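In what follows, a structure is listed as structure tokens, so that the remarks can point back to it.
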Amino acid sequence: MVRSYRTIIERYIREFGDGPVDEVTPEQILTFLNRLTEGNKPYTKRIRFSQLSSSFNFVRNNIDPELRNTCDRPMIRKLYRERMPLRWEIIEKETIDEIIFRTTKVRNRLILELMARGGMRIGEVMKLR
């Protein structure tokens with residue numbers, strides 16, 4: 372776990388190691404994170420932000436209780452927040468039953484039954500012989 376934090380902490384020290392930690396502004400942190408994660412995927416950006424924020428929290432909890440987490444600003448948190456996954460709209464059981472009941476062809480009814488009751492995907496059903 373320490374290895375994963377080492378990279379970001381070493382880069383932070385290279386950039387801001389000359390002055391006190393509490394004098395680093397949120398704008399400087401944002402610029403640092405943008406430069407650090409340039410060209411990376413959103414998930415990687417979120418991890419780097421979390422690692423830096425956790426490092427500040429560790430220092431605050433164990434060394435200096437007066438230290439404010441520079442990453443804990445609404446603007447920065449919003450940029451690096453986790454995206455909400457898309458939720459599928461679930462069709463009610465009664466609607467599924469009605470669709471199956473109104474299907475006239477036996478083959479199609481069997482396909483729908485296997486998918487609805489058995490939890491099979493269409494590709495799995497179509498491979499059945």
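Okay, so the sequence shown: first residue is 372 according to this note's numbering, each after it adds one. Cβ atoms here follow ideal geometry from the backbone N, Cα and C, with glycine treated the same way. Values in this document were obtained by computation on a predicted structure and should not be read as measured data.
Distance, residue j Cα to residue i Cα
i, j, result
"F403", "Y383", "8 Å"
"F387", "W459", "45 Å"
"Y414", "Q422", "12 Å"
"E495", "G489", "11 Å"
"M446", "R454", "15 Å"
"E465", "K449", "40 Å"
"R374", "N432", "21 Å"
Start and end residues, alpha helix (DSSP H) containing residue i
i, result
"G390", "No alpha helix (DSSP H) contains G390, which DSSP labels as neither H nor E."
"R500", "Premise fails: R500 is in no alpha helix (DSSP H) and is neither H nor E."
Three-state secondary structure assigned by DSSP to residue i
i, result
"P456", "coil"
"M446", "helix"
"K416", "helix"
"Y376", "helix"
"M491", "coil"
"R480", "helix"
Nearest-angstrom beta carbon gap, residue j and residue i [assumed within contact, 8 Å]
i, j, result
"F427", "T441", "6 Å"
"Y376", "F420", "The Cβ separation is near 13 Å, so there is no contact."
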